[in-house]
Amino acid sequence: MTKFFRSIVVPLLSLASAFGQSGVTPAATVIRAGTLIDGKSDQPRHDQVIVIRGNRIESVSDAANAKTPSGATVIDLSQATVLPGLIDSHTHIFLQGEDPAQGGYDVNILTAPLALRAARATVSVRRALEQGFTTLRDVETEGAGYGDVGIKQAIEAGYIPGPRLFVATRAISTTGGYMLEGYAPELDMPKGAQIVDGPVEARKAAREQLDHGADWIKVYMTHRSWVGKNGELVSQPTLTVEELRAIVDETHGWGKKVACHAYGGIGLHRALDGGCDSIEHGLDLDAAAIAQMLKQGTWYVPTLSAYYYDWGPADTPSGQRDRLRAAVHEPSFKKALKAGVKIVFGTDMGGIPWTDPIAQEFSRMVEFGMSPMDAIQSATSRAAVMLDMEGKIGVVAPSAFADIIAVNGDPLHNIKVLESVQFVMKDGQVFRGK
Ligand SMILES: [Zn+2]
37 MTKFFRSIVV PLLSLASAFG QSGVTPAATV IRAGTLIDGK SDQPRHDQVI VIRGNRIESV
97 SDAANAKTPS GATVIDLSQA TVLPGLIDSH THIFLQGEDP AQGGYDVNIL TAPLALRAAR
157 ATVSVRRALE QGFTTLRDVE TEGAGYGDVG IKQAIEAGYI PGPRLFVATR AISTTGGYML
217 EGYAPELDMP KGAQIVDGPV EARKAAREQL DHGADWIKVY MTHRSWVGKN GELVSQPTLT
277 VEELRAIVDE THGWGKKVAC HAYGGIGLHR ALDGGCDSIE HGLDLDAAAI AQMLKQGTWY
337 VPTLSAYYYD WGPADTPSGQ RDRLRAAVHE PSFKKALKAG VKIVFGTDMG GIPWTDPIAQ
397 EFSRMVEFGM SPMDAIQSAT SRAAVMLDME GKIGVVAPSA FADIIAVNGD PLHNIKVLES
457 VQFVMKDGQV FRGK
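When the letters of the sequence shown are read in order and numbered with the working numbering, they come out as residues 37 to 470.
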């Protein structure tokens, strides 16, 4: 704890519920921000006063002409940089970075009871909130069914601390398109995603998932990948355009969106032809794909850091494949950035252990040419637009939810300071920085 955060007073009860029950205006909380990066403006502002009532921001103004409401709780962040709560748009709270040396993905699905997986997911969401991520788009439970809907309900009901969740439930792929695999063909093995073949099954799976609480539908448009004859990255396509169109049509009818895992090649082009709203990973974007993404307004969630984990030995096919994935990803990201594709921050946490810093992804984005302010906006206001939450999250502005964080130092000069968040407020409640 640094000296800057000593004077914080924690509100003791939910001001929002007090307001709802009695009709009395809730007491205000005031944050004095030394520097404010509001998530939307291209320039930071200095010496700002943020007034919060209940779970919302009431006003943001220059300290010189700000009026502090009487009886307000004052939180002094005048030596810190204040930002909106961060948004990670690609996580897996039901994965724990399963170590391949300990059996990896398969052991988790085959041996962990659902209650154990839910208990671990409870820790995952707490860790996200501790690190300043007040919203997650969690893109499938990897064999834990509709567990994400339950964790979301537990957070919303106040049983456990955690970010706002946008959940995708089971995800969809095809026969031969997801783990577990490699077992005797006589065995009926569990799968980490819902398997469909044909547009009828595809639409039905989307209906089931939407019916059971999916906020987004997640589709795997590529699965295995390997090094091709000419040293290129080849990715096995999964759903046909016809199958994907059934899912997209159904999901859009519910007013929801479709996130598509796609590395490159045939599967990536089917994803775009079928109308995916976001491309996840997009390791190997060619010029035609980038042009189509611009034309269709497709979001790109690159998840750069994840492809620097768990490389196989360099002299093995899988090790060479792992190195090639990272090698093609960097130029893909740079081309998309230059072309103006809408890039949104996502990590694949869960694939990465939750003990590692979520904000490490910012460093990769900046290393590959994104400006620090652009990288911050990819995890705040731009992600909010993708999530249909523009003006409500990802911004420090009047009427937004009071999701606010603070760091020591200037992230515009050293993006790594976002890896040590010192203060976290979600919905007007201080979670960290007491
Ligand atoms: Zn993922």
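Think of the CB as a built atom: it goes at the ideal place given N, C-alpha and C, for glycine as much as any other residue.
For clarity, every value in this text was computed on a predicted model and none was experimentally measured.
Query raised in the report: When the Cα atoms are used, what is the spatial distance from Val380 to Gly139?
Result: As a working mapping, residue 380 is identified with position 344 in the sequence shown. As a working mapping, residue 139 is identified with position 103 in the sequence shown. Roughly 32 angstroms separates the two Cα atoms.
Query - Exposure of Thr104, with buried meaning 16 or more beta-carbon neighbours within 10 Å - result: The count along the sequence shown starts at 1 and reaches residue 104 at position 68. Its Cβ having fewer than 16 others within 10 Å, Thr104 is exposed.
Query raised in the report: Terminal residues of the continuous alpha helix (DSSP H) containing Pro367?
Result: Translated into the one-based positions of the sequence shown, residue 367 becomes position 331. Counting along the chain, the alpha helix (DSSP H) containing Pro367 begins and ends at Pro353 to Ala375.
Report task. Report the rounded CA-to-CA distance for Gly300 versus Ser261, giving the unit in angstroms. Result -> As a first step, residue 300 is located in the sequence shown; it is residue number 264 there, counting from the start. As a first step, residue 261 is located in the sequence shown; it is residue number 225 there, counting from the start. Gly300 and Ser261 have their alpha carbons spaced roughly 10 angstroms apart.
Query raised in the report: Taking C-alpha atoms, which residue in Arg400, Phe404 and Met461 lies nearest to Lys452?
Result: The sequence position of residue 452 within the sequence shown is 416, counting from 1. Nearest of Arg400, Phe404 and Met461 to Lys452, Cα basis: Arg400.
Query raised in the report: Any heavy atom of ligand 1 closer than 6 angstroms to the CB of Asp384?
Result: As a first step, residue 384 must be located in the sequence shown, where it is residue number 348. Yes, Cβ of Asp384 sits closer than 6 angstroms to a heavy atom of ligand 1.
Query raised in the report: At a cut of 8 angstroms, does the segment 148 to 157 reach the segment 400 to 413 through at least three beta carbon pairs?
Result: no
Query raised in the report: Among the residues of its own chain, which have a CB less than 8 angstroms from the CB of Gly355, if the five just before and after it don't count?
Result: As a first step, residue 355 must be located in the sequence shown, where it is residue number 319. Answer for Gly355: Trp347, Gly348 and Pro349, listed in chain order.
Query raised in the report: Would a C-beta distance cut-off of 7 angstroms place Trp335 and Lys378 closer than the cut-off?
Result: Your numbering for residue 335 matches position 299 in the sequence shown. Your numbering for residue 378 matches position 342 in the sequence shown. Yes, the Cβ-Cβ distance between Trp335 and Lys378 is below 7 angstroms.
Query raised in the report: So is His128 buried or exposed if we call it buried at 16+ other beta carbons inside 10 Å?
Result: In the sequence shown, the residue the question calls residue 128 occupies position 92. Label assigned to His128: buried.
Report task. Could you please give me the residues that DSSP links to Glu176 through a beta bridge? Result -> Taking the sequence shown and counting its residues from 1, one reaches residue 176 at position 140. For Glu176, which the question treats as bridged, DSSP gives no partner whatsoever.
**Report entry** Neighbour-count burial assignment, Thr117, 16 or more Cβ in a 10 Å radius
**Finding:** Mapped onto the sequence shown, residue 117 falls at position 81. Looking at its Cβ environment, which holds 16 or more other Cβ atoms inside 10 Å, Thr117 is buried.
Query raised in the report: Quick check: the segment 424 to 431 against the segment 459 to 470, are there 3 or more CB pairs under 8 angstroms?
Result: no
Query - Beta carbon of Thr287 nearer than 7 angstroms to that of Gly213 - result: If you number the sequence shown from 1, residue 287 lands on position 251. If you number the sequence shown from 1, residue 213 lands on position 177. Not closer than 7 angstroms, so no.
**Report entry** Segment contact flag, the segment 213 to 224 with the segment 182 to 195, C-beta cutoff 8 angstroms, min 3 pairs
**Finding:** In the pairwise beta carbon analysis, the segment 213 to 224 is classified as not touching the segment 182 to 195: fewer than three pairs are separated by under 8 angstroms.
Query raised in the report: What do you reckon, are the CB atoms on Lys188 and Ser417 nearer than 7 angstroms?
Result: Stepping through the sequence shown from its first residue, residue 188 is reached at position 152. Stepping through the sequence shown from its first residue, residue 417 is reached at position 381. Against a cut-off of 7 angstroms, the Cβ pair of Ser417 and Lys188 comes out as no contact.
**Report entry** Alpha carbon of Tyr256 to alpha carbon of Glu178, nearest angstrom
**Finding:** Within the sequence shown, the letter at position 220 stands for residue 256. Within the sequence shown, the letter at position 142 stands for residue 178. Distance between the alpha carbons of Tyr256 and Glu178 is about 12 angstroms.
Query raised in the report: Using the beta-carbon count (16 or more within 10 Å), is Val46 buried or exposed?
Result: Against the sequence shown, residue 46 aligns to sequence position 10. The predicted position of Val46 is uncertain, since its pLDDT is 40 and thus under 50; no value can be drawn from it.
Query raised in the report: Would you call the CB atoms of Gly121 and Ile441 closer than 7 angstroms?
Result: Taking the first residue of the sequence shown as 1, we reach residue 121 at position 85. Taking the first residue of the sequence shown as 1, we reach residue 441 at position 405. In contact: Gly121 and Ile441 (Cβ atoms closer than 7 angstroms).
Report task. With a 10 Å radius around its C-beta and 16 neighbouring C-beta atoms as the bar for buried, classify His82 as buried or exposed. Result -> Stepping through the sequence shown from its first residue, residue 82 is reached at position 46. Exposed, because fewer than 16 other Cβ atoms sit within 10 Å of the Cβ of His82.
Query - Other residues of its chain near Asp392: CB distance less than 7 angstroms, five sequence neighbours each side excluded - result: Residue mapping note: residue 392 aligns to position 356 of the sequence shown, counting from 1. Excluding sequence neighbours, Asp392 sits near nothing in its chain.
**Report entry** Minimum length 4: unbroken alpha helix (DSSP H) runs contained in the segment 389 to 432
**Finding:** Correct list: 396 to 403, 408 to 414 and 417 to 422.
Query raised in the report: DSSP state of Pro235, grouped into three classes?
Result: By one-based count along the sequence shown, residue 235 stands at place 199. The answer is helix: DSSP assigns Pro235 an H, G or I state.
Report task. Could you tell me the distance, in whole angstroms, from the CA atom of Thr147 to the CA atom of Tyr141? Result -> Position 111 of the sequence shown holds residue 147. Position 105 of the sequence shown holds residue 141. The straight-line gap separating the alpha-carbon atoms of Thr147 and Tyr141 is approximately 10 angstroms.
Query raised in the report: Distance, Cα to Cα, Lys292 vs Ala241?
Result: The count along the sequence shown starts at 1 and reaches residue 292 at position 256. The count along the sequence shown starts at 1 and reaches residue 241 at position 205. Going from the Cα of Lys292 to the Cα of Ala241 covers about 14 angstroms.
**Report entry** Inter-residue Cα distance where the pair is Leu252 and Gly107
**Finding:** To locate residue 252, count along the sequence shown from 1; it is residue 216. To locate residue 107, count along the sequence shown from 1; it is residue 71. Sequence inspection shows Trp at residue 252; the Leu mentioned does not correspond to that position. Looking at the two C-alpha atoms, the distance is approximately 42 angstroms.
Query raised in the report: Nearest-angstrom Cα distance between Thr65 and Val185?
Result: Position 29 of the sequence shown, counted from the start, is the residue given in the question as residue 65. Position 149 of the sequence shown, counted from the start, is the residue given in the question as residue 185. Whole-angstrom Cα-Cα distance: 31 angstroms.
Query raised in the report: What residues in its chain sit with their C-beta under 6 angstroms from that of Gln328, if we drop five residues either side in the sequence?
Result: On the sequence shown, position 292 is the one that residue 328 refers to. Hits under 6 angstroms: Leu308.
Query - Close Cβ partners of His449 (< 8 angstroms) along its chain, the five nearest in sequence each way excluded - result: To locate residue 449, count along the sequence shown from 1; it is residue 413. Counting only Cβ-Cβ distances below 8 angstroms, and skipping sequence neighbours, we find Pro408.
Query - Classification of Ala395 by the beta-carbon crowding that lies within 10 angstroms, buried from 16 upward - result: The residue given as residue 395 occupies position 359 in the sequence shown. The residue in question, Ala395, is buried, as its Cβ has 16 or more Cβ neighbours within 10 Å.
Query raised in the report: In chain order, what residues of the same chain have a beta carbon less than 7 angstroms from the beta carbon of Tyr344, not counting five sequence neighbours either side?
Result: As a first step, residue 344 must be located in the sequence shown, where it is residue number 308. Excluding sequence neighbours, Tyr344 sits near Ala362.
**Report entry** 7 angstroms Cβ cutoff met for Ser209 and Pro434
**Finding:** In the sequence shown, residue 209 corresponds to position 173, counting from 1. In the sequence shown, residue 434 corresponds to position 398, counting from 1. No, the pair does not count as a contact, with Cβ atoms beyond the cut-off.
Requested in this report: Round the Cβ separation of Gly376 and Leu330 to the nearest angstrom and send it over; I've been treating them as touching at under 8 angstroms.
Outcome: Numbered from its first residue, the sequence shown carries residue 376 at position 340. Numbered from its first residue, the sequence shown carries residue 330 at position 294. Indeed, because the Cβ distance is near 7 angstroms, the residues count as touching under 8 angstroms.
Query raised in the report: Quick one, which of Ile231, Val364 and Glu316 has its alpha-carbon nearest Leu216's?
Result: For the purposes of this step, residue 216 is taken as residue 180 along the sequence shown, with counting starting at 1. The candidate whose alpha carbon is nearest that of Leu216 is Ile231.
Query raised in the report: Which ranges would you report for the beta strand (DSSP E) in the segment 180 to 206 if only whole runs of at least 3 residues count?
Result: Listed in chain order, the complete beta strand (DSSP E) runs (minimum 3 residues) inside the segment 180 to 206 are 200 to 203.
Report task. Using beta-carbon positions only, say whether Ala420 and Ser125 come within less than 7 angstroms of one another. Result -> Along the sequence shown, one-based indexing puts residue 420 at 384. Along the sequence shown, one-based indexing puts residue 125 at 89. Contact flag unset, no.
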